[in-house]
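Written out below as structure tokens is the structure these notes cover.
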Amino acid sequence: MNRGTGIKAWLFSVICLCVLVFAMVPAPVSAQEESKQANVLLVYDSLGLGTSAAGNVEALQRLLLSFGVKVTAIAADEYDSGMAQADPNHKLITVCNTDDLCGGITHIQYAGDWLHIGPVPPERIQERLGLQTKTIARQSLKLMVEGISQDVFMERVTRISEGKGQAFGRMVTANDHIEAPLGLVADGNAYVPYFEPGNVSEMAIAYVLKEWLGAEGSGQAHLLIRGITPFVDLDRLEDLSKQLYEAGIPFLVSVSTLFNNMDSPAMKRYTDALHTVQSYNGGILVEVPTPVSDRQDLEDMKAQMDHFLNQLFEAGIAPLGMTGEVRKAEENTMREAGFAFSDTIVLLPNEKASSPEQDAVQPFPSSPYSMLGEDLLQVSHENKIWPVFPLDVVVTFNWFESEDKQEETVQKLVSSWLPFADFKSGSHNLASSLHKAESLHGALLLDGQPADLQEQAVSAEDAVPVPPAQAEGIDRLFSVQSRVLIVIIVTTLMLFAVFLVIGYRMYKRKYYNSGGSL
Amino acid sequence: MIKPQDMKHAFVRAYVVLEKYISPAALAAIGIAFILLIELFVPPYIGMADNGDFYRILYSNGLYFDLPDYDSQRLGYFVRTYGIFQYYNENNAMLWSSQTVFVRLSLWISQVLGYNERFDIRIQASLYSLLYIGAVYLLVKAATWRASRRMGYGIAAAAVFVFGDIAYVMYFNSFYSESIMLITLMYLFSAAMLLYQRQYNDYVLLFLFGASALILTTCKQQNAPIGLIIGLVAILFVFLRRERIFRLFASLQAVILILTAIGTYVLIPEEFVNINKYHAMTRGVLMTADNSEEALAFFGIDEQFSVLRGATYYDFLSPIPVDSEEMEKQFLDKYDFVSIARYYLSHPDSAGKIFETAARNAFYNRTKLGNYEKSAGKPFGTLTHAFAGYSYLKEKLVPKTSGFVVIWMVTIAGLYSPSFYRAVKARSLRRALRLPVILMMAASGLCAMAVAVIGAGDADLSKHEFLFVVVFDLVTFWVIADCLCRRLWGANVEQGDSHE
Numbered sequence: 001m002n003r004g005t006g007i008k009a010w011l012f013s014v015i016c017l018c019v020l021v022f023a024m025v026p027a028p029v030s031a032q033e034e035s036k037q038a039n040v041l042l043v044y045d046s047l048g049l050g051t052s053a054a055g056n057v058e059a060l061q062r063l064l065l066s067f068g069v070k071v072t073a074i075a076a077d078e079y080d081s082g083m084a085q086a087d088p089n090h091k092l093i094t095v096c097n098t099d100d101l102c103g104g105i106t107h108i109q110y111a112g113d114w115l116h117i118g119p120v121p122p123e124r125i126q127e128r129l130g131l132q133t134k135t136i137a138r139q140s141l142k143l144m145v146e147g148i149s150q151d152v153f154m155e156r157v158t159r160i161s162e163g164k165g166q167a168f169g170r171m172v173t174a175n176d177h178i179e180a181p182l183g184l185v186a187d188g189n190a191y192v193p194y195f196e197p198g199n200v201s202e203m204a205i206a207y208v209l210k211e212w213l214g215a216e217g218s219g220q221a222h223l224l225i226r227g228i229t230p231f232v233d234l235d236r237l238e239d240l241s242k243q244l245y246e247a248g249i250p251f252l253v254s255v256s257t258l259f260n261n262m263d264s265p266a267m268k269r270y271t272d273a274l275h276t277v278q279s280y281n282g283g284i285l286v287e288v289p290t291p292v293s294d295r296q297d298l299e300d301m302k303a304q305m306d307h308f309l310n311q312l313f314e315a316g317i318a319p320l321g322m323t324g325e326v327r328k329a330e331e332n333t334m335r336e337a338g339f340a341f342s343d344t345i346v347l348l349p350n351e352k353a354s355s356p357e358q359d360a361v362q363p364f365p366s367s368p369y370s371m372l373g374e375d376l377l378q379v380s381h382e383n384k385i386w387p388v389f390p391l392d393v394v395v396t397f398n399w400f401e402s403e404d405k406q407e408e409t410v411q412k413l414v415s416s417w418l419p420f421a422d423f424k425s426g427s428h429n430l431a432s433s434l435h436k437a438e439s440l441h442g443a444l445l446l447d448g449q450p451a452d453l454q455e456q457a458v459s460a461e462d463a464v465p466v467p468p469a470q471a472e473g474i475d476r477l478f479s480v481q482s483r484v485l486i487v488i489i490v491t492t493l494m495l496f497a498v499f500l501v502i503g504y505r506m507y508k509r510k511y512y513n514s515g516g517s518l
Numbered sequence: 001m002i003k004p005q006d007m008k009h010a011f012v013r014a015y016v017v018l019e020k021y022i023s024p025a026a027l028a029a030i031g032i033a034f035i036l037l038i039e040l041f042v043p044p045y046i047g048m049a050d051n052g053d054f055y056r057i058l059y060s061n062g063l064y065f066d067l068p069d070y071d072s073q074r075l076g077y078f079v080r081t082y083g084i085f086q087y088y089n090e091n092n093a094m095l096w097s098s099q100t101v102f103v104r105l106s107l108w109i110s111q112v113l114g115y116n117e118r119f120d121i122r123i124q125a126s127l128y129s130l131l132y133i134g135a136v137y138l139l140v141k142a143a144t145w146r147a148s149r150r151m152g153y154g155i156a157a158a159a160v161f162v163f164g165d166i167a168y169v170m171y172f173n174s175f176y177s178e179s180i181m182l183i184t185l186m187y188l189f190s191a192a193m194l195l196y197q198r199q200y201n202d203y204v205l206l207f208l209f210g211a212s213a214l215i216l217t218t219c220k221q222q223n224a225p226i227g228l229i230i231g232l233v234a235i236l237f238v239f240l241r242r243e244r245i246f247r248l249f250a251s252l253q254a255v256i257l258i259l260t261a262i263g264t265y266v267l268i269p270e271e272f273v274n275i276n277k278y279h280a281m282t283r284g285v286l287m288t289a290d291n292s293e294e295a296l297a298f299f300g301i302d303e304q305f306s307v308l309r310g311a312t313y314y315d316f317l318s319p320i321p322v323d324s325e326e327m328e329k330q331f332l333d334k335y336d337f338v339s340i341a342r343y344y345l346s347h348p349d350s351a352g353k354i355f356e357t358a359a360r361n362a363f364y365n366r367t368k369l370g371n372y373e374k375s376a377g378k379p380f381g382t383l384t385h386a387f388a389g390y391s392y393l394k395e396k397l398v399p400k401t402s403g404f405v406v407i408w409m410v411t412i413a414g415l416y417s418p419s420f421y422r423a424v425k426a427r428s429l430r431r432a433l434r435l436p437v438i439l440m441m442a443a444s445g446l447c448a449m450a451v452a453v454i455g456a457g458d459a460d461l462s463k464h465e466f467l468f469v470v471v472f473d474l475v476t477f478w479v480i481a482d483c484l485c486r487r488l489w490g491a492n493v494e495q496g497d498s499h500e
């Protein structure tokens, strides 16, 4: 072998080795996650508006996003057979809210993982789960899951009379005490006969979804007070913070944004109150506002949001996430202009019912599931023990209309023994163009430094003086000038009219005196 | 090749024919009709976009928005067709207005013509156009009274230039009540001046004046004070003639007008629309107050609402939705038209500032609402510039200060005072009528200006001050016509009277 051939052989072996190494090195994490990310196609027959099932499709959408799943929601009559792909990363959920409209769903042919919710389970689900169902009408039922229970009255509901798989929750008829599971899961197939948001079935389906999606870990509960605007009673907000702090309940507030008059005393009072909230171990989330129309430039919204966040930061407030209606998460532009500031998003139910967009909705890095506090406090729990939640939950209350209501709710929260966790113990980040807030292991950092959690000492009135009646130097001078001129002109015109009349009379007199000849 | 002499002869012949067969008033009417035809009935059709007010007049009159993307066209595009309810209309009258009569009449015409499912707003525009042509005819007829033929044609051309301006005629292709205000105000003014000139039958003119005043007063709640002013001037008509029957009619008319004005005024608080109410505070009181928190305290509103200073109802983003219950209970329910008027009366500085703002905006005839249909392919909110010469000149030339408004009013009053004095001295009420009518118009304009700023702050002023805009144009046009025809001092009139 000559020298040249040796070099060639050496080079060849080096290249082979490199290729081998590249082939063996794992793909970048994000790409890997992307390929592994579960996609769920959610097919519903109707939104069940005007019925007790209204809102269940939207709640499912939020639950799936909270589990980190990409969701595509579509009405059954829009469904095309090619839409549901039978591969390990794609799953199908069908929701039947109205017996009469279920036809489009029961005829779906699908070989992958499938969860059906509501009456009339498809044949494949029936076969795989060995399902037998019965319909019961006008009965009181006790719904139970993981130690929590609630009595509900049903006009009509489907009950699992026979089936195999892992059972979740129970429904027990009040008359004959017949028990049936609230959900069954086996080998990627699952069936939930009944799901309505606002009662124990909402919690039950969260457990079913966790198992069906193969999600791991458990969740904690956080308390969120919604609807904090500059116009709420800020003194009462501070009192509430103190009450919750003294009761040992960590909490969050969702605050509305403000875009004008940022330097006003009113804005200062608002930020002072939020600072006080923060000093009582309250976390701040910022609510993404709803634009009045979709015509305006969303870049403008992004800039205004950024400006507001900077104002908060400069007031020593470290917001940890954003909140907003789930429909906003469906719009790319709103995600970009509103939610993009943070990795932690709490998706709230839509104020007005609307059909979900057909485009796939990407999950957020962290998105605790929001549940109405009023609903959750209605459930009974054994021995004051709450179950371990299947995912992170944010228990929401709207801002209280009166002090009495506030007192009553705080008392209920204290006596509920619901273990609320400190939001700051998780990892959350929010960044504006100039500042950054983050939390980790209970510490709240603002631009990398521990945030000031002391109560603001300076009052708004001291900090921002109310502009006094302005001595508008030149303006006032011109105003006086203008008034003087007006008076002069008016007087002149009046004199002009008087002279005109006098002149006319003199002329006439002269004419008469001259005997008609001038 | 046409020779210059031939052309000259042709012109002369044309002028002779014109002089013989077409009066200045008829020429003005033809000119206006031509502009209306081109602008409103030939594509691309010109109209006005909805600012959110249309639904109140539409739904209570059996019409609805049938375009799926109507909301996205609001403010930017003129919409020509609307759906006609095919079933029982459960919408109660949201707004008590004389405009209803015109909308229902147009709807009836549409159905008679066989358009039962969709209403084309051009039907309403044609109804308004006919009325407007008549109004311009009467105005020019009055303005060219005893003028030379040549002068008459000049005045007619000026009338076409001013009143054929797109800022006026575009309202006909919309559901804004401004179109009715324009037409009725013109009839009202012309009828009063024709009464003064005794050109037509007094009974007919009295009826025309009364009917116009009634429609004008009731077409918009904010017109109630104007109705009262007109009603007071209408009392003068009682003494125009000695016949008992005339005096009875004139008295009855004056009483009806005053009662109608009071009745319309009583309705104001209930119909003080939230949009205007919001602006009255955020774009009026708060913007003119030296200390907005003190101003809010006057109304018993939480000082935190001072962050809304300068905000508009249409702001892209708002701290809380402007139509929310919270806003309603904590803010909007705390004040009304009367309390705002009281605030301005007790705060002259604020009143002065808001009047200055009103004056600054009182000479813009155009609004920012789009004039083209979406199908015309123009960008959102595009305005037409055709036949907009007068608006443009006015915007550029007129000084926009409160001082100018005062000077204008004083000058007008001063110019007509000598003739008024002489007429009073001569105990001729008819000859004395001109000054009160002019003052009635000026006072109505000022009143409209005050109502606009008290009722809606500085928001959308060019639309809210529409009545002042029309009054200014009508009176200024009239004064110039009087000057040109040498009628200002009344000598001409006396001469005329002596011939009768």
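Top to bottom, those sequences are chains F and C. Anchor point for the first sequence: position 79 equals 79 in full-length UniProt numbering, and the numbering is continuous, going up by one each time. Anchor point for the second sequence: position 365 equals 365 in full-length UniProt numbering, and the numbering is continuous, going up by one each time. Quick reminder that beta carbons are idealized off the backbone N, C-alpha and C, glycines included. Treat the numbers as computed from the prediction; the structure is a model and nothing was measured.
Proximity to residue i [Cα-Cα], best of the options
i, options, result
"C/A351", "C/G414, C/G284, C/Q86", "C/G284"
"F/Q311", "F/A437, F/G426, F/R156, F/T173", "F/A437"
"C/L216", "C/V101, C/Q111, C/I166", "C/V101"
"F/Q61", "F/E162, F/L209, F/E123", "F/L209"
"C/S174", "C/V233, C/Q222, C/L228, C/I57", "C/I57"
"C/R198", "C/A443, C/G445, C/R434", "C/R434"
"F/I136", "F/G130, F/F153, F/M144", "F/F153"
"C/M181", "C/G227, C/M281, C/P24, C/P379", "C/G227"
"C/I230", "C/S375, C/M441, C/S462", "C/M441"
"C/T184", "C/Y196, C/K374, C/Y200, C/S129", "C/S129"
"C/A252", "C/K368, C/I235, C/R360, C/N201", "According to the sequence provided, residue 252 of chain C is Leu. The question's Ala does not apply to it. Measuring from the Cα of C/L252, the nearest candidate turns out to be C/I235."
"F/S439", "F/G316, F/L348, F/T491, F/G283", "F/G283"
"F/L376", "F/H222, F/V200, F/T323, F/K328", "F/V200"
Delimiting residues of the alpha helix (DSSP H) encompassing residue i
i, result
"C/L232", "224-234"
"C/E243", "First-last for C/E243: undefined, no H or E at that position."
"C/N274", "274-280"
"F/E330", "Premise fails: F/E330 is in no alpha helix (DSSP H) and is neither H nor E."
Backbone CA spacing between residue i and residue j [nearest angstrom]
i, j, result
"F/F364", "C/D290", "47 Å"
"F/R505", "C/V424", "15 Å"
"C/E270", "F/P419", "Below a pLDDT of 50, predicted positions are generally treated as unreliable, and C/E270, at 46, falls in that range; no measurement from the model is reported."
"C/Y45", "C/R104", "22 Å"
"F/P468", "F/A73", "Because the pLDDT at F/P468 is just 44, under 50, the model does not fix this residue reliably, and the point stays unresolved."
"F/T98", "F/A53", "9 Å"
"F/L372", "F/D176", "32 Å"
"C/M170", "C/L75", "14 Å"
"F/V501", "C/F34", "45 Å"
Under 9 Å from the C-beta of residue i: neighbouring residues of chain C
i, result
"F/T290", "L317, S318, P321"
Host beta strand (DSSP E) of residue i (start-end)
i, result
"F/L285", "282-287"
"F/L440", "436-440"
Where residue i meets chain F, residues with beta-carbon distance less than 7 Å
i, result
"C/S417", "A497"
Proximal chain F residues relative to residue i, where beta-carbon distance stays under 8 Å
i, result
"C/G310", "N260, N261"
Residue i: contacting residues in chain C (beta-carbon distance under 8 Å)
i, result
"F/R269", "Q304"
Chain-ordered neighbours of residue i on chain C, where CB pairs are closer than 7 Å
i, result
"F/Q304", "L317"
- Query: Within the chosen definition, does the segment 380-398 of chain F reach the segment 143-156 of chain F through at least 3 CB pairs nearer than 8 Å?
  - Reply: Cβ pair count under 8 Å is three or more, so yes.
- Message: For the structure I just gave you, are there three or more beta carbon pairs, one from the segment 114-126 of chain F and one from the segment 344-354 of chain F, closer than 8 Å?
- Response: Inter-segment contact for the segment 114-126 of chain F and the segment 344-354 of chain F is absent: fewer than three beta-carbon pairs are separated by less than 8 Å.
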